[in-house]
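The structure appears right after this line, and notes come after that.
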Amino acid sequence: MFNKQLYQFFSQTETPFYYYDMGLLNESLSKLKQAAEKYNYLVHYAIKANANDRILETIKQYGFGIDCVSGNEVKKAIETGIKPEKIVFAGVGKSDAEIAYAIDKSIFSFNCESMEEIEVINEWGIKKGEIVPVSLRLNPDIDAITHKYLTTGLPENKFGIPLQFLDKVIHQTNNLSHIKLIGLHFHIGSQIRELTPYIELCKKVNSIQDVIFDKHGIELEHINLGGGLGINYENPDAELVPDYARFFDTVHEYLKLRKNQKVHFELGRAVVGQVGSLISKVLYIKKGVNKRFMILDAGMTDLIRPALYGAQHKIQNISRPEAQIMNYKYDVVGPVCESSDSFDDNVMLPMTIRGDLVAIRSTGAYGEIMVSQYTLRDKPKAIYSDEITNEKGEHLFSKITVS
Ligand code: LLP
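Each position in the sequence shown, counted from 1, maps to that position plus 18 in this note's numbering.
Next comes the structure, spelled out in structure tokens:
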């Protein structure tokens, strides 16, 4: 992934920075498009994973929609040139200003998480003289088999409408003058590495559809299964592009659709996760009592996932690509004054010295977007592979165009 020329460029660049492999992004997007088109599935990229202009521009070129969870995300999607009819908007706490704005923009669907919210949206529909398209985000009570903080489809989670309330919610919603019920929405969690939770979800959706039809005689046009497909953090090079085809094949096998129903997805991490690496410089190798600390110039302000979720990212010393044996053990930490400012403990690496560059891999999703300026640290810059030139101004990597 990091050849000599690229390394040379990195070593002359101020660290830390996010490096995005645009060739890999294009590969990921074209495989996603191909796999989704097989079943006419519609994909809305979850912009919360990474909202960089270059990344969004590229995603737009493939025709995907956008999944948003804030008014500013809706705004960003629209500014990027995504058509409002491809924008979905979820979130348990949409503010009045966000609702009013999204109604004005005529987005495709408000994915609603409570009856209380639907009532407020109806009031806004009345004020604006608009019939607002709504999908019900249901909480299907499914264990996504992932990190506690990344699971969203269990009764103890704040997300979605509990299935016990579904009947009442449909009944009440149908009585509202300015709401049009268009679909069902689910999102059971993130970094889901097994397909079994999705199989369970499909089966649940099938039975929910039966109940809705039996009780209310309705068939909703849109079924949105959300995102969550995980990536390989342990060994990114073994799986640079997720197996989208297997994911969609599985859904196709288990999900029973009614006539004319469309299936939507909201993938974020899977699309961009492997595309980014956080590149950082070693400031010090500090001797501890029983430890060796590798102190980087990147910290939790640049990448919060390890501190927040105990997430592990592969860490590579890219100054020593030839090194075969990883015989030095380091606690890799940042410079911020928090004990949780640590990337990983006991990482086996080749002997490393001050000034070496390390790559923290698989940081394209939920990396740069979660940057903070705690302790007034600078924000890391973004560098895109197809913008890198040598001293003669020649591009190191061919400019990528989408066919
Ligand atoms: N749809 C909804 C309604 C969501 O809330 C999310 C993510 C997605 C789709 C996209 O999920 P993905 O395909 O990326 O797994 N900051 C955490 C991840 C939080 C995900 C929040 N919602 C992390 O760094 O792991």
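Don't be surprised by glycine CBs; every beta carbon is placed ideally from N, CA and C. Only a predicted model underlies this, so the values are computations on that prediction, with no experimental measurement involved.
Compute every distance between the C-beta of residue i and the non-hydrogen atoms of the ligand LLP, then say whether any falls below 6 Å.
| i | result |
| --- | --- |
| residue 286 | yes |
| residue 384 | yes |
| residue 64 | yes |
| residue 208 | yes |
| residue 67 | yes |
| residue 240 | no |
| residue 95 | no |
| residue 325 | no |
| residue 205 | yes |
| residue 115 | no |
| residue 53 | no |
| residue 85 | yes |
| residue 316 | no |
| residue 411 | no |
| residue 400 | no |
| residue 162 | no |
| residue 108 | yes |
| residue 244 | yes |
What three-state label does DSSP hand residue i in the structure shown?
| i | result |
| --- | --- |
| residue 355 | coil |
| residue 316 | coil |
| residue 296 | strand |
| residue 274 | coil |
| residue 28 | helix |
| residue 391 | coil |
| residue 90 | helix |
| residue 17 | Any question about residue 17 goes unanswered here, given that the chain covers just 19 to 421. |
| residue 324 | helix |
| residue 136 | helix |
| residue 155 | strand |
| residue 368 | coil |
| residue 189 | helix |
| residue 181 | helix |
| residue 288 | helix |
| residue 396 | coil |
| residue 267 | helix |
| residue 329 | coil |
| residue 143 | helix |
| residue 33 | coil |
| residue 20 | coil |
| residue 404 | helix |
| residue 66 | helix |
| residue 421 | Residue confidence is low: residue 421 scores 42 on pLDDT, short of 50, so the model does not pin down where it sits. No coordinate-derived value is stated. |
| residue 84 | strand |
| residue 303 | strand |
| residue 210 | strand |
| residue 101 | coil |
Within 10 Å of its beta-carbon, does residue i have 16 or more other beta-carbons around it, so buried, or fewer, so exposed?
| i | result |
| --- | --- |
| residue 4 | A question about residue 4 goes unanswered here, because the residues of the chain that appear run from 19 up to 421. |
| residue 421 | Only weak support is given to the placement of residue 421: the predicted model assigns it a pLDDT of 42, under 50, and the question is left unresolved by the model. |
| residue 130 | buried |
| residue 366 | exposed |
| residue 152 | buried |
| residue 423 | Given that the chain is displayed from residue 19 to residue 421, the structure contains no residue 423 and the question cannot be resolved. |
| residue 355 | exposed |
| residue 411 | exposed |
| residue 373 | exposed |
| residue 394 | exposed |
| residue 140 | buried |
| residue 144 | exposed |
| residue 114 | exposed |
| residue 335 | buried |
| residue 229 | exposed |
With residue i as the anchor, note down where its beta strand (DSSP E) starts and where it stops.
| i | result |
| --- | --- |
| residue 242 | 240-242 |
| residue 71 | No beta strand (DSSP E) holds residue 71; the alpha helix (DSSP H) holding it covers 71-79. |
| residue 119 | Counting along the chain, residue 119 falls outside any beta strand (DSSP E), though it belongs to the alpha helix (DSSP H) covering 114-122. |
| residue 110 | Taken as a continuous stretch (DSSP letters only), residue 110 belongs to no beta strand (DSSP E), as it is neither H nor E. |
| residue 376 | 375-378 |
| residue 166 | It is not in any beta strand (DSSP E) - residue 166 carries neither H nor E in the DSSP assignment. |
| residue 201 | 197-203 |
| residue 129 | 127-130 |
| residue 251 | Note, residue 251: premise wrong, no beta strand (DSSP E); not H, not E. |
| residue 280 | 280-283 |
Does residue i get closer than 7 Å to chain D when you measure Cβ to Cβ?
| i | result |
| --- | --- |
| residue 367 | Protein chains in the displayed structure number just one, and chain D is not present. |
What is the residue span of the alpha helix (DSSP H) that residue i lies within?
| i | result |
| --- | --- |
| residue 225 | 214-234 |
| residue 41 | 40-55 |
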